[in-house]
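K.L.:
Numbering (the working numbering), first residue to last: 1033 to 1628.
Where is the CB? At the ideal position from N, CA and C, for every residue including glycine.
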Amino acid sequence: MNILFKNFILFSSLAVIILTFAKCSKSDRSIDTQILNCDIIEDIISIFEDLSSDNDYIINFTTASNHYEFDFKIRENIKLSKECILDIQAIEDKSTIIIAFSNSRKLIMDYRNKVSLSYIHNPSGFTPLSGLLKINADFPGKINFSIKNIKEGLPKYFFEFQKETKVNQLPILGMYYNMKNEIYVEFYSDDQIYYRDTVSVNIGPKPNYLPTINVDVHNPILAEPGMNLVSSRLREPSTPFIVDNEGEYRYVLDFSGHEELSNLNYDVGMERLTNGNYYFGKLLSNQLYEIDVLGNILHQWNLGEFEFHHNVQEKQDGNLLVTVSKYDAHISGRRAIEDWIIEIDRSTGGIVNSWNLKESLDQTRRLYGWWEWSDIVDWAHVNAVIHDASDNTIIVSCRTQCVVKLDYNNNVKWILDCHKDWKKNARGNELSDYLLTPLDANGNSIVDNSVLQGESQHPDFDWPWYQHAPFLSKEGNLFMFDNGENRNFSSNTQYSRAVEYKIDEENMTIQQVWQYGRERGTECYSRIASDVDQLSETSNIYFCPGSRVNNGSGNIGGKIIEIDYQTKEVVLEIRINAPDIVFHRAEKLSLYPHYY
C-alpha cells in the first residue's frame, strides 16, 4: 500500500512538471517538485534538455542530505534524489555543468550563463540590412549565425567568425528587405555550444531608389563564389549595394543624413582594400575615405591642392594612386582638369609622387575630342590608374587620348592607341616612338595602314575605343573594358567588349589574345563608364557594361556578365534596370571581408 501511494505521488509530481512545462510560456512556466526515486531518469533528462534548448540554464545547485536542488534562471527549482546522480561537475571557466546520471547518461548544460549576446540593428544609421552583435563572455569562444533564405528551397546563409572572442562587437550582414529575418546565433568553444539564441529583425520593402534586379543566368557550379558589389550612381548620395546571385539585396550603404557624406558622389565607386575595409574618394573634394562594413569612417586622407575625380587605387605597398585635377594652365589658355596622378603615402598622408600628363603626353591632340566649357578644358579625361609592380610604373587610361605607361619620372614607356596624329610632348619627345605595333594571331606585324591608323579592323586585332578599367592579369597581360564609342571613327558599329592584350615591351608590340562582347552587339554596348575584372578563384571574366545598356523590352541600365575564360560560357548574367549611369564599377566579392 505504501509502495503504491509512493508511486502515485511520484507520477503525480512528474505529471505536474510535464503539464506545467507544456502549458506555460517561456516567462511563466513553474516547476517545483521533488523526485524521491530514480525510475523516471529519462523523463527528467528530457525535461532538462527541453529547458536548455529553450535557452534556460542552471544558475546554481545545492546539496542536501538526500537530494540535489537545481535553480534555473527562468523556471523555478528542480530537486533530484542523490540516488539518481553519480557525479556533478561544474566547469566555471566554460560556464558549463556536466551531470552524470545513475543510468550512465551524461547531460551538458549552460551554467551561470557567463555568455550574453545582444543585438542592435543598423547602429550607424547607414546600413539598413545590417546590424551589430555584442558578445560578453568569461571565456573565449567563436560565433556563427545563419539567416533563412527568402526564397523557399534555397540554402540558408551561414557565416562563422573565425576568431575566438570574449568581449566583442561583430557586424551581422546579409539580411533581406520585405522579410522577418530570423538570425540564429550560436556561441561555442572546443566544439561545444554554450549559448544559442534567435534574433528577429523585421525589415520592410526596399526603397524606391534601388533599381530592379533580374537574374537571367546563374550556374552555381561554374560561377565564382561570392556576391556582387555595385557602386551605384543613381542618386545622391551615391549608394553602393550588394546583391546575391539570386538578385536579392543583401547589403546597402546609404549615407543620407551623414554629416559629411550626405552628398557623396564617389565617381568610379567603392572598392575593398587589402585589409578588408572599403575605400573611395569624394568627387569635387580633396578627401579620400576608408570605412568599415557598417559605414563608420576609419581614416581620411587630404589631397591638399588637388581635387579628386574618378579613381583611387591601392598599390601592393599600401600607398594610394589617385586621379586628380589641379586646375592649372593648359596650352589652350583654359584651365585643365583630370590630367594629374598623385601617390599618397598611406601612413603619413603625404604626397610622395605626382605625374602631370601635360608634360608626358601631347596636350594639343584632339583626335577623340575634348570637353570644353567656360574656362575649363578636359583634354585627357583620365578615368583609371593602376600600378605595375614588375617594373614600378603606372598605367593610365585617358579616355580621349590613349592608355599610357609612365615611369616614376613621368617618362613614357609605351602608348597603346592607334597611330594617328601623334606628335611631340612638352619635353620634346617624339611620341610616335612609343607606339605599340599590333601583331596578328600568328605573331606577325600588322602592316595595313588603315588598321594602324584606326580606320579599320584586322580580323585578329582592334584598338580599344574610349576604354575604362584596365588591370593586369596574373600572366601580366593587360585587360580593359573597350567601350567602343566611335569605333574606327564611325557610329555604324556599336558593341563593347572585354579585351586582353599581350604586350612585349622589349619589341614594342601588342597582340590581342582574348575578347568577349563583340558577339553580343548592342545588348552589351555602354559608351561610357563600365568595368571588367578577372576573378581570383575561377579565372572567370567579370564583364560589366554600366550605363544605358539595352536590357530588352524597352529597358536600359547595366549588366553584370560572368564568363568562363576558356569556353566563353556565360555562368552568371544580371540585368539592372535604371536610367543614366548605373555604375562605373562592379566587383565580385564575399559579403564579409577576410578579417572576420
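#1: Per DSSP, Ser1221 forms a beta bridge with which residues?
#2: Determine the DSSP secondary structure at Asp1082, reduced to helix, strand or coil.
#3: In chain order, what are the residue ranges of uninterrupted beta strand (DSSP E) at least 3 long that sit wholly in the stretch 1563-1608?
#4: According to the neighbour-count rule (16 or more other Cβ atoms, all chains shown, within 10 Å of its Cβ), is Asp1410 buried or exposed?
#5: What would DSSP say about Gly1350, mapped onto helix, strand or coil?
#6: In terms of residues, what are the limits of the alpha helix (DSSP H) holding Met1481?
#7: In chain order, what residues of the same chain have a beta carbon less than 7 Å from the beta carbon of Ala1047, not counting five sequence neighbours either side?
#8: If you draw a straight line from the alpha carbon of Asn1034 to that of Ile1072, how long is it in whole angstroms?
#9: Closest by CA to Glu1101, which one among Ser1364, Met1259, Ile1131 and Asn1583?
#10: Which residue from Ile1253, Arg1617 and Ile1110 puts its Cα closest to that of Tyr1591?
#11: Is it right to say Phe1190 is buried, meaning 16 or more other beta carbons lie within 10 angstroms of its own, or is it exposed?
#12: To which residues of the same chain is Val1300 closer than 6 Å at the C-beta, ignoring the five residues directly before and after it?
#13: Kindly confirm or deny that the stretch 1351-1367 and the stretch 1434-1447 touch, where touching means at least three C-beta pairs closer than 8 Å.
#14: In the DSSP assignment, the beta strand (DSSP E) including Leu1389 goes from what residue to what residue?
#15: What would DSSP say about Ile1073, mapped onto helix, strand or coil?
#16: What span of residues does the beta strand (DSSP E) with Thr1197 cover, start to end?
#17: Would you kindly work out how many angstroms separate the C-alpha atoms of Phe1312 and Asp1360, rounded to a whole number?
#18: Return the first residue and the last residue of the beta strand (DSSP E) that Gly1313 is part of.
#19: State buried or exposed for Ile1152, treating a residue as buried only when at least 16 other CB atoms are found within 10 Å of its CB.
#20: Thinking C-alpha only, which one of Asp1276, Thr1244 and Asp1248 is nearest Gly1258?
#21: In the DSSP assignment, what are the bridge partners of Tyr1151?
#22: Could you check what DSSP says for Thr1244 in three-state terms: helix, strand or coil?
#23: State the CB to CB distance for the pair Ile1542 and Leu1468, rounded to an integer number of angstroms; the pair is presumed to be in contact (CB under 8 Å).
#24: Between which two residues does the beta strand (DSSP E) holding Leu1293 run?
#25: Which residues does DSSP pair with Tyr1533 in a beta bridge?
#26: By Cβ distance, which residues of its chain are closer than 6 Å to Ser1422, with the 5 residues on each side in sequence left out?
#27: From Ile1373, Lys1146 and Glu1192, pick the residue whose C-alpha is nearest to that of Thr1425; which is it?
#28: Throw me the rounded Cβ distance for the Tyr1226 and Gly1308 pair, which I believe falls under 8 Å.
#29: In its own chain, which residues sit with a C-beta less than 7 Å from the C-beta of Val1231, not counting the 5 before and 5 after it?
#30: Rounded to whole angstroms, what's the CA-CA distance from Phe1273 to Leu1399? Just pull it up for me.
#31: Tell me the rounded alpha-carbon separation between Phe1080 and Tyr1208.
#32: Considering only the alpha carbon of each residue, which of Val1233, Pro1160, Glu1192 and Asp1125 lies closest to Met1211?
#33: Out of Lys1534, Asp1394 and Gly1157, point me to the one whose CA is closest to Cys1430's CA.
#34: How big is the Cα-Cα spacing for Gln1566 and Gly1578?
#35: Applying the criterion that 16 or more other CB atoms from any shown protein chain within 10 Å of the CB defines a buried residue, is Lys1188 buried or exposed?
#36: Quick check: the Cα distance between Ile1140 and Val1325, rounded to an integer number of angstroms?
P.N.:
The relevant details are as follows:
#1: In the DSSP assignment, Ser1221 is bridged to Gln1224.
#2: In this structure, Asp1082 counts as helix in the three-state DSSP scheme.
#3: Taken in chain order, the complete beta strand (DSSP E) segments of 3 or more residues contained in the stretch 1563-1608 are 1563-1566, 1573-1576, 1581-1584 and 1587-1595.
#4: Buried, because 16 or more other Cβ atoms sit within 10 Å of the Cβ of Asp1410.
#5: Annotated three-state conformation of Gly1350 is coil, per DSSP.
#6: The sequence shown places Asn at residue 1481, rather than the Met named in the question. Unbroken alpha helix (DSSP H) run through Asn1481: Asn1481 to Leu1484.
#7: Any reading at Ala1047 must be qualified, since the residue scores a pLDDT of 39, below 50, and its modelled position is unreliable; the value itself is stated next. In its chain, beyond the 5 residues on either side, no residue has a beta carbon closer than 7 Å to the beta carbon of Ala1047.
#8: Reliability of the predicted coordinates at Asn1034 is poor, the pLDDT of 43 falling under 50, and no value is obtained from them.
#9: Check the Cα spacing between Glu1101 and each of Ser1364, Met1259, Ile1131 and Asn1583: the tightest is with Ile1131.
#10: According to the sequence displayed, residue 1591 carries Lys and not Tyr. Among Ile1253, Arg1617 and Ile1110, the Cα nearest to that of Lys1591 is on Arg1617.
#11: Counting Cβ neighbours within 10 Å, Phe1190 comes out exposed, since fewer than 16 surround it.
#12: Take Val1300, set aside five residues on each side of it, and the residues of its chain with a beta-carbon closer than 6 Å to its own are His1342, Asn1343, His1616 and Arg1617, in chain order.
#13: With a cut-off of 8 Å on Cβ pairs, the stretch 1351-1367 is not in contact with the stretch 1434-1447, counting fewer than three such pairs.
#14: No beta strand (DSSP E) holds Leu1389; the alpha helix (DSSP H) holding it covers Leu1389 to Ser1392.
#15: It is helical.
#16: Under the DSSP assignment, Thr1197 falls in the beta strand (DSSP E) whose first and last residues are Thr1197 to Ile1204.
#17: One Cα belongs to Phe1312, the other to Asp1360, and the distance between them is close to 24 Å.
#18: DSSP places Gly1313 in the uninterrupted beta strand (DSSP E) bounded by Tyr1310 to Gly1313.
#19: Under this definition Ile1152 is an exposed residue.
#20: The shortest C-alpha separation from Gly1258 is found at Asp1276.
#21: Under DSSP, the beta-bridge partners assigned to Tyr1151 are Leu1165.
#22: For Thr1244, the secondary structure class from DSSP, reduced to helix, strand or coil, is strand.
#23: Between Ile1542 and Leu1468 the beta-carbon gap is near 4 Å, inside 8 Å, which marks them as a contact.
#24: Unbroken run through Leu1293: none, as it is neither H nor E.
#25: The bridge partners DSSP lists for Tyr1533 are Leu1510 and Gln1544.
#26: Once the five neighbours on either side are set aside, Ser1422 has no close Cβ partner at all.
#27: Among Ile1373, Lys1146 and Glu1192, the Cα nearest to that of Thr1425 is on Ile1373.
#28: That belief does not hold up - the Cβ atoms of Tyr1226 and Gly1308 are roughly 28 Å apart, past 8 Å.
#29: If the five residues before and after Val1231 are omitted, its C-beta is found closer than 7 Å to the C-beta atoms of Tyr1151, Ile1215 and Val1217, all from its own chain and listed in chain order.
#30: It is roughly 37 Å from the alpha-carbon of Phe1273 to the alpha-carbon of Leu1399.
#31: Near 35 Å, if we compare the C-alpha coordinates of Tyr1208 and Phe1080.
#32: Closest by alpha carbon: Val1233.
#33: When only C-alpha atoms are compared, the closest one is Asp1394.
#34: Computed Cα separation, rounded: 17 Å.
#35: With fewer than 16 other beta carbons inside 10 angstroms of its own, Lys1188 counts as exposed.
#36: Approximately 37 Å between the Cα atoms of the pair.
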